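A short write-up of the structure that comes next.
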Amino acid sequence: QQQVKQSPQSLIVQKGGISIINCAYENTAFDYFPWYQQFPGKGPALLIAIRPDVSEKKEGRFTISFNKSAKQFSLHIMDSQPGDSATYFCAASGGGGTSYGKLTFGQGTILTVHP
Amino acid sequence: DAGVTQSPTHLIKTRGQQVTLRCSPKSGHDTVSWYQQALGQGPQFIFQYYEEEERQRGNFPDRFSGHQFPNYSSELNVNALLLGDSALYLCASSPDLAGAGEQYFGPGTRLTVT
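Chains as they are written, first to last, in our numbering: chain F, 1 to 115; chain Z, 1 to 114.
Written as structure tokens, this is what we have:
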């Protein structure tokens with residue numbers, strides 16, 4: 001019930017294209033869904049996050065789409081750039097009280113953007 | 001404004017030894033969480049500290065222990081190291097317990113057990 005499943009494992013897009021990464025969760029108590037970007041040798045950096053009271057959130061070229069009934073959420077990167085090449089992780093937390101502190105991560109997606 | 005800092009950057013230990021990793025949270029943050037990230041995997045939650053107490057714990061054995069100091073900095077201790085403990089250990093801080101989902105990660109400590 002605590003799993004977050006992420007796909008695809010790897011993704012190759014051309015510069016200027018749209019990158020789409022999908023995640024599915026099982027625990028209906030989850031109510032906070034962040035996306036992290038990680039470069040080699042670095043810690044994950046918080047990109048954008050959403051709560052289930054909205055179906056979409058956009059920040060610059062990054063958009064989260066959230067489907068509560070399907071228990072799925074996705075990250076869209078518009079106008080993908082070579083500098084976006086990194087590993088992306090979805091995560092989820094929630095369930096009340098101290099449970100907000102426990103982020104459950106997906107397995108990650110290695111994104112490569114070709115110039 | 002300094003972000004989350006961790007020390008050391010890299011560490012090599014031998015099986016059976018003990019190790020201590022350190023973390024200073026982002027300014028204004030009082031909640032610290034620790035994660036283990038194996039190569040090619042997502043981070044796995046170890047435990048979380050708030051007000052110098054362990055508030056939550058993931059599925060890790062008692063060999064993993066921690067501490068939080070009055071200045072909110074934290075330590076992760078691992079005893080009786082196993083080869084499988086080789087990983088990137090990440091510290092994350094958040095503004096408070098209620099908002100603890102919004103976590104900011106440090107660069108990590110790369111632990112190699114030989």
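By construction, the Cβ of each residue, glycine as well, lies at the ideal position given by its N, Cα and C atoms.
Treat the numbers as computed from the prediction; the structure is a model and nothing was measured.
Item, Value
"Under 8 Å, with one C-beta from each stretch per pair, do the segment 5 to 20 of chain Z and the segment 28 to 42 of chain Z reach the 3-pair mark?", "no"
"Where in the segment 30 to 93 of chain F do unbroken runs of the beta strand (DSSP E), each at least 3 residues long, occur, reported from the N-terminal end onward?", "30 to 38, 45 to 50, 56 to 59, 62 to 67 and 72 to 77"
"Does any heavy atom of the ligand MN sit closer than 7 Å to the C-beta of V78(Z)?", "What this structure holds is no ligand at all, so the ligand MN is not there to describe."
"Return the chain-ordered list of same chain residues with a C-beta closer than 6 Å to the C-beta of I12(F), the five sequence neighbours on each side being excluded.", "T112"
"Does the CB of E52(Z) have a neighbour CB from chain F at under 8 Å?", "no"
"Along chain F, in chain order, which residues have C-beta atoms closer than 9 Å to that of L90(Z)?", "G43 and P44"
"Between the segment 65 to 83 of chain Z and chain F, which residues of the former have CB atoms less than 7 Å from a CB of the latter, in chain order?", "none"
"Could you check whether the Cβ of P43(Z) sits closer than 8 Å to any Cβ belonging to chain A?", "No chain A is part of this structure, whose protein chains are labelled F and Z."
"Could you check if L90(Z) is buried or exposed, using at least 16 other CB atoms within 10 Å of its CB as the buried criterion?", "buried"
"Skipping 5 residues on each side, what residues in its chain have a beta carbon closer than 6 Å to that of Q107(F)?", "Q6"
"Expressed to the nearest angstrom, what Euclidean distance is found between the alpha-carbon atoms of D79(F) and I18(F)?", "6 Å"
"Within the same chain, show all residues whose beta-carbon is closer than 8 Å to that of G16(Z), passing over the 5 residues directly before and after it, in chain order.", "A80 and L81"
"Along the chain, where does the beta strand (DSSP E) containing A24(F) start, and where does it finish?", "S19 to Y25"
"Give the straight-line distance between the Cα atoms of D96(Z) and K58(F), rounded to the nearest whole angstrom.", "25 Å"
"Compare the C-beta of P25(Z) with all C-beta atoms of chain F and state if any pair is closer than 8 Å.", "no"
"For a contact meaning CB atoms closer than 8 Å, what does G108(Z) contact in chain F?", "K42 and G43"
"Along chain Z, which residues have their Cβ under 9 Å away from the Cβ of Q107(F)?", "G40, Q41 and G42"
"Please report whether the beta-carbon of F39(F) lies at a distance below 8 Å from any beta-carbon of chain Z.", "no"
"At least one CB of chain F closer than 8 Å to the CB of F60(Z): is that the case?", "no"
"Is there a Cβ from chain F that is less than 8 Å from the Cβ of Q36(Z)?", "no"
"In the structure shown, what three-state DSSP assignment does L83(Z) receive?", "helix"
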